Structure formats: structure tokens, C-alpha cells
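Protein chains in written order, with the numbering used here: chain A, 1 to 106; chain B, 107 to 583; chain C, 584 to 750.
The beta-carbon is built from N, C-alpha and C at its ideal position, and this holds for glycine as well.
Since this is a predicted model, take the numbers as computed values, not measurements.
Data block below; observations after.
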Amino acid sequence: MNELYWRIFLNFSFFIIMLFIAGFYCILVTRNLIRVMIGLELLIKAVTLFLVVACYVSGQAALGQALIITLIVMEVVMIAVLAGVVLSIYRHNNSLDARRLRELKG
Amino acid sequence: MPSLLILMPLAGIMILNFAFGRTMKRSAFWFAVVLFLIQIILAIFHHPVFWSNELEMVDRFFNVSFSMDYISFIALLSIGIVSLVSLLVARCSIDNEEDRFNFINLLVIASIGMSGIVMVKDVFSLYVFLEITAAASFILIAFWRKRRALEGAFKYILLSAIATIMMLTAIALLIVLAGDPSFSVIKSALGRSSSSFMVTLAVGIFICGLFIKGGLVPFHGWLPDAYSSAPAPVAILLAGIVTKVVGIYTIMRVMISLFGFSASMGRVFMFIGALSILVGAFAALGQRDFKRMLAYSSISQIGYILLGFGTGTTIGILGAVFHFFNHAIFKSLLFVNSAAVEDSVGTTDMDKMGGLASRMPITGATSVIALLSACGIPPLAGFWSKLIIILALWKSGHVAYTLIAVFASVLTLAYLLSMQRRTFFGKLADGLEDIKEAHTRIRVASIILAAITVLVGVFFPLMFDNFILPVKDILLR
Amino acid sequence: MTINLMLLTAMIIAALWTVMGRSLLKASIGLALTSAIITILMFRLDSPLAAVFELSVCTGLITAVFVSTISLTKPLTFPEIKKLSKDRNKRFRYLPMIIILVGMALAYINLKMDFSAVREALPEGAHETDVRNVLWNTRQLDIFGQIIMILTGTFGVIILFKGTRKR
Chain A
1 MNELYWRIFL NFSFFIIMLF IAGFYCILVT RNLIRVMIGL ELLIKAVTLF LVVACYVSGQ
61 AALGQALIIT LIVMEVVMIA VLAGVVLSIY RHNNSLDARR LRELKG
Chain B
107 MPSLLILMPL AGIMILNFAF GRTMKRSAFW FAVVLFLIQI ILAIFHHPVF WSNELEMVDR
167 FFNVSFSMDY ISFIALLSIG IVSLVSLLVA RCSIDNEEDR FNFINLLVIA SIGMSGIVMV
227 KDVFSLYVFL EITAAASFIL IAFWRKRRAL EGAFKYILLS AIATIMMLTA IALLIVLAGD
287 PSFSVIKSAL GRSSSSFMVT LAVGIFICGL FIKGGLVPFH GWLPDAYSSA PAPVAILLAG
347 IVTKVVGIYT IMRVMISLFG FSASMGRVFM FIGALSILVG AFAALGQRDF KRMLAYSSIS
407 QIGYILLGFG TGTTIGILGA VFHFFNHAIF KSLLFVNSAA VEDSVGTTDM DKMGGLASRM
467 PITGATSVIA LLSACGIPPL AGFWSKLIII LALWKSGHVA YTLIAVFASV LTLAYLLSMQ
527 RRTFFGKLAD GLEDIKEAHT RIRVASIILA AITVLVGVFF PLMFDNFILP VKDILLR
Chain C
584 MTINLMLLTA MIIAALWTVM GRSLLKASIG LALTSAIITI LMFRLDSPLA AVFELSVCTG
644 LITAVFVSTI SLTKPLTFPE IKKLSKDRNK RFRYLPMIII LVGMALAYIN LKMDFSAVRE
704 ALPEGAHETD VRNVLWNTRQ LDIFGQIIMI LTGTFGVIIL FKGTRKR
């Protein structure tokens, strides 16, 4: 791998780390369930981009695309399931406040 | 043609869903029973004609290949047995036909996912099947959309998604290092550059993600909530096999055929394992809820598997694999019993029970067998696997860990006996005079599992020679 | 590379907007924006098919999921929003600082550290370049995985979105 590709990888990784931090901060700090979902989605975006960059710099762009397509399908189903769970929680609690998820403790 | 284990259920589900309407919906149960029985039989007799890859038109048409070894056989066997038991319990705890149909489909999907995890030879496909198993389990936990279950499911989804993201990050790093996601390519690439920073980072992130998925101690927050809030058949499936395949099996697989075992990782595993054993056992002592206590007990037993695996010696790994199987059996037996009790009494709070053994003799008796196996009383199956793990620890010179393992065995006896005393023994509690023994299918399930526990214990040499001992061949590769 | 850097900066700003934004609807639009920028980056990284997928599914479908989830839940009243946003600002104000600090630290590492030891391990060489061949010949198992996952998602939607008929 030549110098240029390595530079690209490092630069992208640094920005992706910042995206990770934003997503984790969102999940940790927020008290709204939909915002937790948004934070999770940001993390998924970050890892998608990371995978694309990783495959690109190792000369495997085609493999990368195949992986990304699978990944996107997986994550969409995941987010749909999560949205279903969040909506059902909303129907029970009539609120999206994560602080009300305290029934199970232990 | 091991790919049939994936393709057959998939084709079955499609036919059940898209054709023939109502008559097919009724036969879904038997379809799933046959499917799991086929899987159990194929795994028991592991005939090379079926398991070799380069054969038959199936493989010529579908370009899908798997790698099989003896750890996979053990895991496939456990998956088949536990899924079958969960199916039997589901059959009588779900009355509505439509719900039952959906439930059975999701159960089959979860078992496809687990079979996939067990057989893949590519790290990205591993992720794909982990995700399938996880998604099916989330939906199963939230199946009745009860408040507590939704809460448990939400926590599980959140932590599991974070674990997945960590694993994908590690996969991306591995692709940069090796250029391809298949196990063999990555292993040889890692062999060439073993000590660099990126390798350590990738291995660390990957294993951390798997610790979250397996519910090992620093990351176990979701596990008791998910187990105790899930519907009874789902709790059996989750505790019996899902977390084990997703967490501990994948750790073993990844360490053996992807990263290669290293002494430093072994030390980490042993530490985490010992911590899980102790924290799980002490937390279980203080529980009032039947299923919650079993969940903590599960954490503790998974710790044993990891402790045995962490020694890195052949005998330790054999013990870990054997305990994997035994734990799948006796923990599902305990959860089947909790399902029976929940079904009859209507609660899982142990303070409200007592003296159930006189009303539910089979549940009480099988529960005794399971708890004796769990604490390692000879000649039951759990005794042998714990003995092998403790021997391995002793032989590799880890005296402190040996003492922890023995001590925690006593703790296990303490909390399980207290469970047994509060639930099944003693005077019959007020208001429980007219309860009856559980449904026949639940009884059949618990008798099957108890029989397996006793038989594996009594015919230990047979089981050990045919299933466990061949595992050591793959370690030499 | 300069264009890439600008796009990446824009991506971080969009992500910050997503996380810090006051209304949920704006946050989900910010998410779509982040995703759109990632699409452009994917095009530039030689992955057009993945980019199209990202654009249609992540920018389109997931935003639709979010917006419908948000619209199915009750919006807060104005005083509640005011109270919450004060509270939110208190909790979220550290994020830009953290991002800037980490960014500076990473830039410093980038300039100072020598990664040549890591780089030696990296592979090189020609590979299959047609995504269709890769997907169908070597990643067929993943396609089956996708089919199973979509089935799972169907069951999930059937079960979880069933409505409140029974209760």
C-alpha cells in the first residue's frame, strides 16, 4: 500500500472516530428513546464509512460494496425492530423518557 | 452439504409463509419438530458423507461452503435439543394459532442463525448470522409486548447493537490488515504481523464486543433483565443456547480459527471468567425471582466455560466444550421447570411459592437432577465437565483460580438448594392448594432433558470419546 | 483529498447538528444529511453501488422510519419543550468541546506519529473488481443471510406494529 492510500485511511479514521464520539455521547447523555436510536444510527453510519474506507485502501472496493449492501440490509431491519420496540414502550408508558425504564433492576 | 442445514429451513419457512394458507400454518409445528430432529440426528451421527463439502448438486448450484469440526457438532447438537425443547414448551403456552405460527417461524429463524454462526468460515458472514440470531431473539423477547419484556428487549438491543458495531470496526481493521474477510486468510496475515498495534486493537475490540453479547461480567447488565422478562419458551432458548452460541462459542471459534490462541488473551479470559463466576454466584444468592436467579446462575456457569478455555491447554478446552453442552442441557431444564411453575402458579416470585413438589412431582424431581448437575455432584453430567475444568486449572498451575472454581461450586449448591427449598420443598404455600402438574409437553421436555443429563453422566466415557476427545484434533492444526 | 476533508468536516458538523438539535424531526433530517454526505464520500471512494444503496435505504427508508416513529408519538407541549431544552443544553454543551479537543489531538498524532511499522503488514495486489461477481460468487452466503434477515424483519413488523387491538 502506498503513502497516499495510507494518508487517506488515517484521515478518514480520525473523522470517523469523531463521529463515533458524537454517537456514543448522544446515547449516553440523552433521555429520549428516539434520540438513542438516532445515536445508534450515527454509530452505524460511522462503521459503514469505516468499512468502505478499509476496503478501498486495501484495493478491494468491489468486496467492500458487497459487504456494505449486506450491512445496510441488516441495519435497516435492526432499526425497524428497534422502532417497533420503542413505539410499543411509548404505548405503555405514554412517554419516551428513558428514565422510566426502571422497572427491572438488579 | 452442511449448507442444507441453512437452506432447508429457509425453503421451509418460505413455503409455509407464501403458499397453501391455513393448512400449512397448522403443520408449522411438525415441520419445525422434524427440522430440529434432523439436525440432532445429523449432529449425533456426524457421518462424513453429509458433512464433507465437495459433494452433490446442492453445492454445485449454491456457491456456499462451510467448515465443520467437532466443536461445531457439539454446538449443533445443543442447538437442536434446546430449540426442540423450546418449541415443545411454546406449543402449549401459546394458544392463538396465528401467534404460534409467527413464534415458530421466528424460532426456526433463530436456529438457522445459530447454525450459521456455528458453521461459517468467514468473519463477515459470522457477523451476518450473529445479527440474524440477535434480531430474531429481540422480536421473540418482545413477543407479547408486555411492559417488562419491552424494557428488557430494549436494553438487549441497545447493548447488542453496540457490540455489533464494535465487531464491525474490528472486521474493518482486519480487512485492512489482511485484505479479505475469510478466517484462513486473516489468520495467516496475523501470523505474519503478530505484534503490531492495529492487530491488538482489532482483537481487543472484537473480543470486547463478544463479551457484551455473551453477558460476561463487566458487561452483563442486560442479561438478567432480558432473561427474566422474556416469555417462558424464549427464556429457555436464550439462556439455553442463544447467548452461549453468540457469546462463548464465537469467542472459542474466533480464538481458535481466526486470531490464534495467545497466552495474554488466555489470562484475560481467565480473569473475566473468574469474575463472572463470583459475581454471578453472589448475585444469584440474593434473588427472589426464579428466572432472575437462573439468569445470574447462567452468568456464573458461562464464567466456568471461559475459565476452562482460558487455560489454553487441550484438557481445559475439552472441559470448556463439554461444559458448554452440559450447561445448555441443565440450564434449559431449569428454565423449563421455571416455565412449568410460572404456568401453574402464575408468578416467578419464589417467596409466594413453597411445597410445590407434592403437587408437581415431575417438575420437582427433574429440578433436583438439574441442580445437582449444575453444582457438579457425581455421577451427573455437570460433575465431569467441572472436574475436567478444575483439573485443567490445577495442572496448568493456576491455584487461585482452582480455589475460586471449587468455592463457586459450593455457592452454586447454596443458591440452587435455597431455590429448591423455597419453591418445591417444605409446606405448601397458601393459595396453591389446587394447582396441577404442568402440561404434558412441558413434562416430556423436562424428562428428556433430565434423561440426557443422567445418561451423559453415567455413560460419560462413551460421550467423551465420541464427541469431546476429537475436539483436540482441531487444536493441533 | 481536500474535497474529502471538506466533506468529512461537513459530515461531522451535520452529525453535531443531529445530536444537538432541539427538535426530533430536525435531528432525523440531520441524520439524513449526514447519510447523504457519506453517500458522496462513498462515490468518491469508488463504491457507486454501495453509495446508491446508502442513499436510497439509509437516507430514504430510515428517515421515513424515524419520521413515522416521531409522528406516531405525541409531540411535547411548548412549555415542556422550553424546560427540556434548557436541561438539554446543559447536558449537550460539552460535545462540541470534546469533538474539537479530540480532533486536535488526532491531528497532532497524525503529524507526529510514525505508522510505518504498521503499514508494512498491509496487503497489496489485484482483486476482483466487479461487485456483481463478488456478491454472487464469493458472498453468496451473505445473500441468503439478507433473505433470512428480511423475513425476520417482516415477522418483527407483523408482531411489533400489530396495533393496540388486543389491549
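| Cross-chain neighbours of B/V234 in chain C, by beta carbon under 7 Å | D725 and G728
| said: Going by DSSP in three states, B/S231 sits in which element: helix, strand or coil? | reply: helix
| said: Only counting the same chain, and skipping five residues up and downstream in sequence, which positions put a Cβ closer than 7 Å to that of C/A654? | reply: Note that residue 654 of chain C corresponds to Ser in the displayed sequence, not to Ala. If we look at C/S654 and ignore the five residues flanking it on each side, it has no Cβ neighbours.
| said: Quick check on C/N587: does DSSP put it in helix, strand or coil? | reply: helix
| said: Below 8 Å, how does it come out for the region 219-226 of chain B and the region 455-472 of chain B: are there three or more Cβ pairs, yes or no? | reply: no
| What residues in the region 585-619 of chain C bring their beta carbon closer than 8 Å to a beta carbon of chain A? | N587, L588, L591, T592, M594, I595, A598, L599, T601, V602, L607, A610, S611, L614, T617 and S618
| Three-state secondary structure assigned by DSSP to B/D455 | strand
| request: Check the Cβ of A/Q60 against every Cβ in chain B and list those closer than 9 Å, keeping chain order. | output: I281, G285 and D286
| message | By the three-class DSSP mapping on this structure, what secondary structure does C/N693 have? | response | helix
| Close beta carbons around C/L599, own chain, < 8 Å, minus the five adjacent residues each side | L678, P679 and I682
| query | Near B/R550, which residues of its chain fall below 8 Å by C-beta distance, leaving aside the five closest residues on each side in sequence? | reply | With the sequence shown as reference, residue 550 of chain B is identified as Val, and Arg is not the correct amino acid for it. So the qualifying residues of the chain are L194.
| said: Determine, for C/V717, whether the minimum Cβ-Cβ distance to residues of chain A falls below 8 Å. | reply: yes
| field | Within chain A, the residues that B/T275 reaches when beta carbons sit closer than 7 Å | value | V47 and F50
| Are there 16 or more other CB atoms within 10 angstroms of the CB of B/I423, so buried, or fewer, so exposed? | buried
| query | Can you tell me whether DSSP reads B/S288 as helix, strand or coil? | reply | strand
| message | Counting only beta-carbon separations shorter than 8 Å, does C/L743 have a partner in chain B? | response | yes
| For A/N2, does the count of other Cβ atoms within 10 angstroms reach 16, so buried, or fall short, so exposed? | exposed
| query | Is B/L534 closer than 8 Å to B/G460 when the C-beta atoms are compared? | reply | yes
| Coarse secondary structure for B/D331, derived from DSSP in three states | helix
| C/V740: which of A/L82, A/E41 and A/D97 sits nearest, CA to CA? | A/L82
| said: So A/V36 contacts chain B; which residues on that side make the cut at Cβ distance below 9 Å? | reply: F260 and L264
| task | Decide if A/N32 is buried, meaning its Cβ has at least 16 other Cβ atoms within 10 Å, or exposed. | result | buried
| query | Can you give the beta carbon distance from C/M594 to A/F15, rounded, assuming they're within the 8 Å contact cut? | reply | 7 Å
| request: Note the first and the last residue of the continuous alpha helix (DSSP H) segment covering A/H92. | output: A61 to N93
| query | Mind checking if B/V348 is an interface residue toward chain C, Cβ cutoff 8 Å exclusive? | reply | no
| Beta carbon of B/L439 nearer than 8 Å to that of B/A556 | yes
| CA nearest to the CA of B/N326, picked from B/A181, B/S199, B/R254 and B/G258 | Note on identity: in this sequence residue 326 of chain B is His, with Asn being the wrong assignment. Closest option to B/H326, Cα to Cα, is B/G258.
| query | Got a sec: is the Cβ-Cβ distance from A/A22 to anything in chain B below 8 Å? | reply | no
| request: Could you name the residues of the region 79-103 of chain A whose beta carbon sits closer than 7 Å to any beta carbon of chain C, in the order they occur along the chain? | output: I79, A80, V81, A83, G84, V85, V86, L87, S88, Y90, R91 and L96
| query | Are there three or more Cβ pairs, one per stretch, closer than 8 Å when the region 263-276 of chain B is compared with the region 225-241 of chain B? | reply | yes
| field | A/N2, DSSP secondary structure in three states | value | coil
| query | Quick one: which chain C residues come within Cβ less than 9 Å of A/A54? | reply | Per Cβ cutoff of 9 Å: no residues; A/A54 is ~10 Å from chain C at best.
| said: Please report the straight-line C-alpha distance between C/S611 and C/D725, rounded to a whole angstrom. | reply: 29 Å
| Mapping DSSP to helix, strand and coil, what is B/N169? | coil
| field | Interface partners of B/V170 on chain C, CB under 8 Å | value | Q723, L724 and F727
| query | With A/Q65 and C/S630 assumed to form a contact (beta carbons below 8 Å), what rounded beta-carbon distance in angstroms separates them? | reply | 5 Å
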